[in-house]
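Here's the structure we're looking at; comments come further down.
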Amino acid sequence: MRCEDIKKIFPDYLVGDLDQSSAEDIQSHIADCPACRQELEDLSAVWTKLGVLPEEHPSNGLREQFYRELEEYKAEMNREKPLHHLKQFFSSLFYLSRSGRPAYQFALGSIPLFIGLSLGYLLFSGRQNADLHREVQDMRQMLAVSLLDQRSTTERLRGVNLSYGLENPDNKMIQALLATLNNDPNINVRLAAVDALYLFYDSPSVREGIILSLSQQNSPFLQVALVDLLVSVQERQALESFKKLIEANQLDPKLKQKLEQGIKELSY
């Protein structure tokens, strides 16, 4: 593997997200490449220092502010023209296709098709091209679902981020995000899925899935994020779940406080 390819997967190597074959490739490469070995050692030292930092907890108003910003993003996204989504999609597709991994072969095969679609859009830019817009959305969704199924934490995060630009995700996309929320081994990916699902909270399956997920999570920090989301969208059907969680033994004090606050807000 080339140095630039090796460096891309250093973070996954440090957190143990690589399979044995890929990890052995890195070990073999750095044994013969002093520059990459030094860079990995430097990155590992930074990683170690980050690991001993005290855990920071966001203020009560931080996530509410974040959701307000997401609402503004959602409104702005609905006002954007299809050409913007096309450019954004090509940017992601080009970046991912350069990795040369088998998981993105379909992305490479899609480039000629979308070049033709793009030219068609430019030729008929004087009028609305709904068909092209739908095609771009469908391909973006296919790519997002594929990324969510990858082993690499970085790739799964890209899949979640790619879903942000979707306007009307189908059930497969929604279920993929909910599965990521419930089952992903990395808490950062699960938190990103919470924020992505917030954009689609109008869907009944999203609301139901988030309520069910609340009792399945083992991270108080992630549960707090789910409580904030449900309170933010005024989901009163979550009240019963909040009350059941409070009755649980050994509940995290901050989570209990957030649940009690949420019950008060949803009971008005």
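Sequential numbering of the sequence shown, starting at 1109, is according to my numbering. Note that beta-carbon positions come from the ideal geometry of N, C-alpha and C, so glycine has one too.
Three CB pairs or more closer than 8 Å across the stretch 1133–1153 and the stretch 1278–1289: no
Identity of the residue in Arg1248, Val1335, Leu1256 nearest Arg1264 by Cα: Leu1256
Exposed unless 16 or more other CB atoms sit within 10 angstroms - verdict on Tyr1121: buried
Supposed close pair Leu1305, Ala1333 - CB separation, criterion 8 Å: At roughly 10 Å, the Cβ-Cβ gap does not stay under 8 Å, so Leu1305 and Ala1333 are not in contact.
Span of the alpha helix (DSSP H), counted from its first residue to its last, around Pro1277: Annotation: Pro1277 is outside any alpha helix (DSSP H) and is labelled neither H nor E by DSSP.
Sequence-distant residues of its chain with Cβ nearer than 6 Å to Ala1346 (five each side left out): Ile1319, Leu1338
Delimiting residues of the alpha helix (DSSP H) encompassing Cys1111: 1111–1116
Distance, Gln1245 Cα to Arg1209 Cα: Annotation note: pLDDT 49 at Arg1209 (below 50); position unreliable, coordinate value reported separately. Taking the straight line from one Cα to the other gives about 23 Å.
DSSP-derived helix/strand/coil call for Gln1258: coil
Status (buried if at least 16 other CB within 10 Å, exposed otherwise) for Gln1386: Given that the chain is displayed from residue 1109 to residue 1376, the structure contains no residue 1386 and the question cannot be resolved.
Proximity to Leu1329 [Cα-Cα], best of Val1268, Ser1254, Arg1344, Lys1362: At residue 1329 the sequence reads Phe, which differs from the Leu that was named. In terms of Cα proximity to Phe1329, the closest of Val1268, Ser1254, Arg1344, Lys1362 is Lys1362.
Own chain residues within Cβ distance below 6 Å of Ser1271, not counting five before or after: For Ser1271, where only same-chain residues beyond five positions count, the Cβ hits under 6 Å are Ala1252, Ala1304.
Selected residue, minimal CA-CA separation from Thr1065, among Lys1115, Val1314, Leu1274: The structure shown has nothing for residue 1065, since the chain only spans 1109 to 1376.
Contacting residues, own chain, Cβ-Cβ under 7 Å from Lys1364 (five flanking each side not counted): Ile1354
Through-space distance from Gly1267 to Ser1129, alpha-carbon basis: Each residue's alpha carbon lies about 23 Å from the other.
Own chain partners of Ser1254 with C-beta closer than 6 Å, once the 5 adjacent residues on each side are dropped: none
Rounded distance between the beta-carbons of Lys1116 and Glu1147, thought under 8 Å: So it is not a contact: roughly 12 Å between Cβ atoms.
Cβ distance (whole Å) where Ser1260 is taken to contact Asp1125 below 8 Å: 6 Å
Contact under 8 Å by Cβ, Gly1317 with Leu1286: yes
Ile1349, enclosing alpha helix (DSSP H) - first and last residue: The identity of residue 1349 in the sequence shown is Ser, whereas the question assumes Ile. Ser1349 -> alpha helix (DSSP H) spans 1347–1355.
Lys1352 beta carbon less than 8 Å from that of Ile1371: It is not a contact, given that the beta carbons lie outside the stated cut-off.
Short CB-CB distance (under 8 Å) between Asn1326 and chain B: Chain labels in this structure do not include chain B; a single protein chain is all it has.
Straight-line gap, Val1302 to Gln1358 (C-alpha atoms, nearest Å): 24 Å
Same chain only: Cβ atoms within 7 Å of Tyr1309, ignoring 5 sequence neighbours per side: Arg1315, Val1341
Nearest-angstrom Cβ-Cβ length linking Gln1324 and Asn1290, presumed shorter than 8 Å: 6 Å
Beta-carbon proximity of Arg1344 to Leu1374, cut-off 8 Å: yes
Status (buried if at least 16 other CB within 10 Å, exposed otherwise) for Asp1336: buried
Continuous alpha helix (DSSP H) stretch holding Ser1136: start and end: In the DSSP assignment, Ser1136 falls within the unbroken alpha helix (DSSP H) covering 1128–1140.
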